[in-house]
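Student: For what it's worth, this note's numbering labels the leading residue of the sequence shown as 939, then goes sequentially.
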Amino acid sequence: MKLSYYKREYKSLLKLGIPITIAQLGMVLQSMADTLMLGQHSASELAAAGFVNSLLLLAQLLSMGFCMAAVPIIGSLYGQQKTHEITVALKSSLLADMLQGLFVCSLMAGIYLLLPYMGLDGSLLPLMQSYYIILLPSLLVMSGCTGMKSFMDSINDTRTTMWIVLVGNLWNIIFNYLLIFGKFGFSEMGIDGAAWATSTSRVLMLAIYIVNFAYNKRFAKYRAEWKNAKISIAEMKRQNNIGWPIALQIVVELAAFSGVTLLLGKGGVSWDATTALSSHQVTVQLASFIYMFYLGIGTAVSIRVSNHYGQNNWQSIKDSAYAGYHMILAVGIISTSAVFMMRHHITALFISDSDPEALARISATVVSMVLPLVFYQVGDGIQTCFVNALRGIGDVKKLLKYSFIAYGVISIPLSYTFGIAMDGGACGIWWGFPFGLSIAGYLYFKRFKKHIDKHL
């Protein structure tokens, strides 16, 4: 089939995917600004915030994955233009999201109570506790934000979320500066200021979502159905049946990358942990930047596939998924080519070390890690595209199993073998990724193709 056949899908995916990518990049920049400002105020506060954020990331990913269930549910109804059913699904999914958010908040509150018993640095513990307790209630607010985002994504409105996220990011950055350093009459609050800036930005974003839904004429037809749309227990069960497998699959994938960090921290016979971890951090920044583009296109694939699924149009489902992979592959080729050509200069962009020998060791390690980074882009592209295609048709129950096989059985053991057992260092550990991601991509693609072959 000629590529020109996919022209319509390319345009649709770009229209949906570009705002998603911009919003994701905005969040990356906000995170960088948070790190920079806290680091300038106090290294201990930066360390405390980093530890707490790593714990709360689990809660955020669980909520994000769970709320994503609205995309196949509402997206398929949007493909059929069933306004009343969409409104029922929206009300039901938002209630399910908030209940899940309460569960996650309770779980994280339990972890908060365990902080004094984790053997943490006594000087950091009060900072961690203060930062943690301020951010904890905002996890529930995030569930509301993510639920509204999933609804708007489902009805092909990704631009609204882009602007809301960018406004929230701007608020966060401004109030980080004002509250961390005590500028323009505000008290200097340090790490607590960073927590309040983040929490209030989340409240602001949820408020904008609600006001936008209440007054924007685009949503008038859903508001008209709001009173008559009754919350459906069946829809809430469906949200749980789809949402939890997605959430747990995302957590398993994160665990694979976290497991690699633990391996890097061990060090080896011919390599030291400090150099390995520093090099890993640089390479992860590059990989994350590339992945933001993959994620934008992949989410757009999920939306388009869900719309076509509602119309029972399997040819268009296939076209959307394959067009998405073409675009991800193109992005991967361009970005990794640039990274490969610039590999000897990458470290200087991220690290300015007064010790030239340490900088040289990190730079050499990063150069060696670029090769597995380049190789795993094909597998990462395939798995990002087709895991989202499967989510779009609501086929999510086997995702957790496939992820465990790819990352738990293949990727992490190979990383240990290449990096620790064979003393391959950071580069050896990273060589586990191409295998794990390729296996994940193959399993997701095979599952998706099974559906296509059945219906075409």
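Every residue, glycine too, gets a C-beta built ideally from N, C-alpha and C.
Keep in mind that this is a model prediction, so the values were computed, not measured.
From this set, LYS1020, LEU995, SER1001, which residue's C-alpha is nearest ASN1245's C-alpha?
Tutor: LYS1020
Student: Please classify ASP972: is it buried, with 16 or more other beta-carbons within 10 angstroms of its beta-carbon, or exposed?
Tutor: With 16 or more other Cβ atoms within 10 Å, it is buried.
Student: At what residues does the alpha helix (DSSP H) containing LEU1053 begin and finish?
Tutor: Here LEU1053 belongs to no alpha helix (DSSP H), and DSSP marks it neither H nor E.
Student: Cα-Cα, which of SER1125, ASN991, THR1213 is closest to THR1285?
Tutor: THR1213
Student: With respect to the alpha helix (DSSP H) encompassing ASN1250, which residues constitute its N-terminal and C-terminal limits?
Tutor: Element bounds for ASN1250: n/a, residue is neither H nor E.
Student: Are the beta-carbon atoms of THR1237 and ASN1326 separated by less than 8 Å?
Tutor: yes
Student: Please say whether CYS1365 and MET1280 have beta carbons closer to each other than 8 Å?
Tutor: no
Student: CA-CA distance, ASP1318 and VAL1239?
Tutor: Their Cα atoms are separated by approximately 15 Å.
Student: Can you tell me which of ASN1250, GLU947, ILE1255, ILE958 puts its alpha carbon nearest to the alpha carbon of TRP1101?
Tutor: ILE958
Student: Taking ASP1130 and ILE1072 to be in contact with their CB atoms under 8 Å, please state how far apart those CB atoms are, rounded to whole angstroms.
Tutor: 6 Å
Student: Starting from the C-beta of SER1413, find all residues in its chain whose C-beta is less than 7 Å away, skip the five residues before and the five after it, and write them out in chain order.
Tutor: The displayed coordinates of the chain run from 939 to 1394. Any statement about residue 1413 would go beyond what the structure contains.
Student: May I ask you to report which of helix, strand or coil DSSP gives ARG1161?
Tutor: helix
Student: How close, in whole Å, do the beta carbons of LYS1256 and ILE1146 come, if the pair is a contact with beta carbons under 8 Å?
Tutor: Not really, about 37 Å apart at Cβ, beyond 8 Å.
Student: Specify the secondary structure class of PHE1041 as computed by DSSP and reduced to three states.
Tutor: In the three-state reduction of the DSSP assignment, PHE1041 falls in the helix class.
Student: Quick check: the Cα distance between ASN1166 and THR1084, rounded to an integer number of angstroms?
Tutor: 24 Å
Student: Let me check understanding here. Comparing Cα to Cα, which of VAL1222, ALA1259, LEU1309 lies closest to PHE1382?
Tutor: According to the sequence provided, residue 1382 is Tyr. The question's Phe does not apply to it. Closest by alpha carbon: ALA1259.
Student: Less than 6 Å between C-beta atoms, sequence neighbours within five positions excluded: which residues of the same chain meet that for ALA1211?
Tutor: GLY1203, GLY1205
Student: Does DSSP classify ALA1282 as helix, strand or coil?
Tutor: Before going on, a small fix: residue 1282 reads as His here, not Ala. In the structure shown, HIS1282 sits in coil (DSSP, three-state: anything other than H, G, I, E or B).
Student: For ILE1171, count neighbouring Cβ atoms within 10 angstroms of its own Cβ and tell me buried if that reaches 16, exposed if not.
Tutor: exposed
Student: Please check the pair ILE1367 and SER1353, which I expect to be a contact at CB under 8 Å, by giving their CB distance rounded to whole angstroms.
Tutor: 5 Å
Student: Taking only the alpha-carbon atoms, compute the straight-line gap between GLN1177 and SER969 and give it to the nearest angstrom.
Tutor: 30 Å
Student: Alpha carbon to alpha carbon, how far is LEU1186 from ASN1154?
Tutor: In this structure, the alpha-carbon of LEU1186 lies about 35 Å from that of ASN1154.
Student: Do you know how far the Cα of GLY1057 is from the Cα of ASN1396?
Tutor: For the chain, the structure presents residues 939 to 1394; residue 1396 sits outside this window and is missing.
Student: Could you spell out where the alpha helix (DSSP H) holding LYS949 opens and where it closes?
Tutor: 945-979
Student: Determine the burial state of ASP1091: buried for a count of at least 16 other Cβ atoms within 10 Å of its Cβ, exposed for fewer.
Tutor: buried
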